[in-house]
Amino acid sequence: MMRGRIIGSCSDPAALEGFQWFICYLTTGKHMNLYYSFGTVLLLLAITAPAALAFGYGGAMAARSAFAPLRWFGKAYIAVVRGVPDIAFFLFFVIALDQGFEYLRHKIKCPDWNEPIRQGSDFVVCAAAKLPPGNAPQWQHETYGFLLAVLTFAIVFGAFAANVLYGAMRAVPKAQLETAEAYGMTRKQVTRRVLIPQMWVYALPGLSNLWMVLIKATPLLFLLGVEDIVYWARELGGTKTPNYTQYPHGDWRMWYFFGLLVFYLAFTKLSEVVLERIMARLNQGQATSGGEAQRKAAA
Amino acid sequence: MRTLILSAVALAMGASAAFAESKTVRLGTEGAYPPYNFLNDDGEVDGFERHVGDELCKRAKLTCEWVTNDWDSIIPNLVSGNYDAIIAGMSITDERKEVIDFSEAYTQPDPSVFLAASDDADLETGVIAAQASTIQASRIAEMKGATLLEFATPEETVAAVRDGEADAVLADKAYLTPIADADDELSIVGEDILIGGGIGVGVRQSDTELRDKLTKAIQSMKKDGSLNKLIKKWLPESATF
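Residue numbers (this note's numbering), protein chains in the order written: chain L, 1 to 299; chain B, 300 to 540.
Okay, here's the thing in structure tokens:
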């Protein structure tokens with residue numbers, strides 16, 4: 001394929017040496033899977049971050065609600081998710097969501113079904129209720145698994161974000177909100193025009209921390225059975241005996257995991273730089289210590 | 300937030316119906332246990348069981364697709380319906396039969412052996428590594444003097460012997476022999492041990508139709524010798540039918 005065109009031939013790796021061997025080795029189909037899986041991780045972050053923020057915003061608004069049951073729901077959501085270890089939550093939620101969806105579909109699509117859904121240890125729903133359908137191609141199964149993971153990530157990190165946003169909303173000086181009301185704004189207007197624009201500066205330190213934790217939590221994908229970078233690093237790094245590969249090597253897991261370490265370190269460093277810039281921008285003209293420092297530096 | 304959950308549900312509920320009726324059987328394997336199953340350089344499932352599985356599907360007129368899953372969750376994920384069959388060097392045991400069902404065996408009871416860094420390794424009272432939830436692990440757990448050291452993947456069990464963390468590893472002979480051949484410091488020690496009742500395809504207990512189809516296909520492969528040919532090619536040390 002492509003690597004053949006670029007660098008002569010990888011058809012007989014045993015004859016190659018040093019650099020050439022490594023080029024061929026690092027461009028096998030299996031390694032391509034590793035490179036694609038970096039994309040999986042980035043995609044997870046790209047979808048999860050806004051979704052978690054949306055969950056967080058919803059949770060925070062619910063926790064602040066004047067309507068008691070909604071307030072209880074919001075506070076319970078934050079408390080429960082924050083109080084349970086991530087891993088336990090992840091393992092529970094992915095199975096529970098999957099079976100929950102299938103149960104609902106089963107009830108809707110197969111009302112005539114009279115066998116029990118739980119038979120011993122089996123979870124049996126009618127074929128039409130299977131998610132994705134049993135005959136779906138593999139990519140749909142993978143996408144579905146990935147989306148379940150995204151939803152779980154969003155629920156878990158949404159709770160943390162809700163807590164941060166809830167705190168940030170309370171940190172906005174009361175006097176400003178009261179002034180807005182005195183100008184005749186409705187409750188909704190106060191929220192939209194004063195509270196939300198102001199809260200970000202209080203929320204950002206907490207949210208950036210959360211973003212870092214989210215980056216570092218992405219290997220949980222591996223735990224959920226998604227073939228992510230940890231999966232491929234482990235698979236590629238393992239000892240390969242000559243019988244089953246053209247590229248035999250010893251136990252290289254350490255080097256692959258070291259590669260992951262460098263990747264995560266570079267990624268979090270980059271995030272830190274970007275987040276610092278955003279923070280500086282948000283601080284402009286704010287009555288916070290950061291904003292004050294900017295004002296003094298300019299003066 | 301509510302709309303988000305609702306739209307996710309709607310998406311999940313809607314993603315159906317549009318697909319053809321012909322049933323695809325999803326075959327779950329570990330992909331880390333050569334020569335039975337492993338991922339080749341192209342990242343595809345390969346090995347003895349790949350060839351057996353493909354032939355079984357052809358004979359049973361099933362459309363099959365391979366998926367990989369970690370060993371330690373391979374039974375739970377079959378039971379919860381992530382795939383329809385396990386073809387992963389899984390020996391038929393009574394313990395497993397309580398949870399899942401098996402087709403007829405497609406190998407004879409396969410010999411297990413110890414792999415150690417020295418010939419006088421202490422196999423009676425030493426520390427023995429084995430992959431978790433395997434027949435080898437239960438075997439060591441039953442041995443009085445020995446200490447069992449369990450790992451999630453076969454790779455780690457061998458690494459433990461290399462590091463000196465374990466005195467020896469107990470695993471299928473077909474898996475350990477190529478490793479001993481490739482590594483001067485490791486060798487097979489002791490006699491072959493016969494445990495387990497041969498390897499079969501694991502299916503859900505509620506899925507008797509698939510089980511019978513696979514058993515029929517296995518019987519037909521036994522009859523015309525094509526199974527023996529694959530066993531000789533991939534598991535040269537194992538008995539044929």
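The beta carbon of each residue, even a glycine, is placed where N, CA and C say it ideally should be. Because the structure is a prediction, the values reported are computed rather than measured.
Local Cβ density within 10 Å of residue i, reported as buried at 16 or more and exposed below that
i, result
"T40(L)", "buried"
"T406(B)", "buried"
"A280(L)", "exposed"
"W139(L)", "exposed"
"D228(L)", "buried"
"L498(B)", "Residue 498(B) is actually Ile in this sequence, not Leu. Answer is buried; the Cβ neighbour count reaches 16."
"K240(L)", "buried"
"N368(B)", "buried"
"L493(B)", "exposed"
"N114(L)", "exposed"
"Y183(L)", "exposed"
"W370(B)", "buried"
"Y36(L)", "exposed"
"I278(L)", "exposed"
"E348(B)", "buried"
"I305(L)", "The requested residue 305(L) is not part of the displayed model; chain L covers only 1 to 299."
"A329(B)", "Per the sequence shown, residue 329(B) should be read as Glu rather than Ala. Buried: at least 16 other Cβ atoms inside 10 Å."
"L43(L)", "exposed"
"V213(L)", "exposed"
Coil, strand or helix - residue i by DSSP
i, result
"K542(B)", "Outside the displayed range of chain B (300 to 540) lies residue 542(B), so it cannot be described from this structure."
"D12(L)", "coil"
"C24(L)", "helix"
"G489(B)", "strand"
"Y332(B)", "strand"
"W232(L)", "helix"
"L447(B)", "strand"
"T367(B)", "strand"
"I427(B)", "strand"
"F101(L)", "helix"
"T288(L)", "coil"
"F146(L)", "helix"
"G18(L)", "helix"
"F38(L)", "helix"
"L355(B)", "helix"
"S390(B)", "strand"
"G74(L)", "helix"
"F337(B)", "strand"
"D483(B)", "coil"
"A384(B)", "strand"
"F89(L)", "helix"
"F267(L)", "helix"
"F258(L)", "helix"
"G83(L)", "helix"
"Y405(B)", "coil"
"A538(B)", "coil"
"F507(B)", "Note on identity: in this sequence residue 507(B) is Thr, with Phe being the wrong assignment. Note: T507(B) maps to helix in three-state DSSP."
"G524(B)", "coil"
"E219(L)", "It is worth fixing the name first, because residue 219(L) is Pro in this sequence and not Glu. If DSSP states are grouped into helix, strand and coil, P219(L) belongs with coil."
"L422(B)", "coil"
"L224(L)", "coil"
"T456(B)", "helix"
"I374(B)", "helix"
"G59(L)", "helix"
"S65(L)", "coil"
"I494(B)", "coil"
"S432(B)", "coil"
Cross-strand partners of residue i (DSSP beta bridge)
i, result
"F413(B)", "L469(B), V488(B)"
"K240(L)", "H249(L)"
"V324(B)", "C363(B)"
"A280(L)", "DSSP lists no partner for A280(L)."
"D462(B)", "Note: D462(B) sits in no beta bridge, so no partner."
"D400(B)", "V502(B)"
"V344(B)", "L338(B)"
Short CB-CB distance (under 8 Å) between residue i and chain C
i, result
"S9(L)", "Within the model displayed, chain C is absent; protein chains L and B are what it includes."
**Message:** Restricting to runs no shorter than 4 residues, where is the alpha helix (DSSP H) found entirely within the segment 181-215 of chain L?
**Reply:** 187-190
**Item:** Segment contact, 8 Å Cβ cut-off, at least three pairs: the segment 520-537 of chain B with the segment 448-457 of chain B
**Value:** no
**Prompt:** How do the segment 347-364 of chain B and the segment 321-339 of chain B stand: do at least 3 beta-carbon pairs fall below 8 Å, yes or no?
**Reply:** yes
**Request:** List in chain order: all unbroken alpha helix (DSSP H) runs of 4+ residues lying wholly within the segment 109-182 of chain L.
**Result:** 138-171, 174-182
**Message:** Is it the case that the segment 172-185 of chain L contacts the segment 59-66 of chain L, given that we only count it when at least three CB pairs across the two stretches are under 8 Å?
**Reply:** no
**Request:** Answer yes if the segment 463-471 of chain B comes into contact with the segment 501-512 of chain B, meaning at least three C-beta pairs across the two stretches below 8 Å, and no otherwise.
**Result:** no
**Prompt:** Using 8 Å as the Cβ pair cut-off and three pairs as the minimum, do the segment 200-207 of chain L and the segment 230-245 of chain L touch?
**Reply:** no
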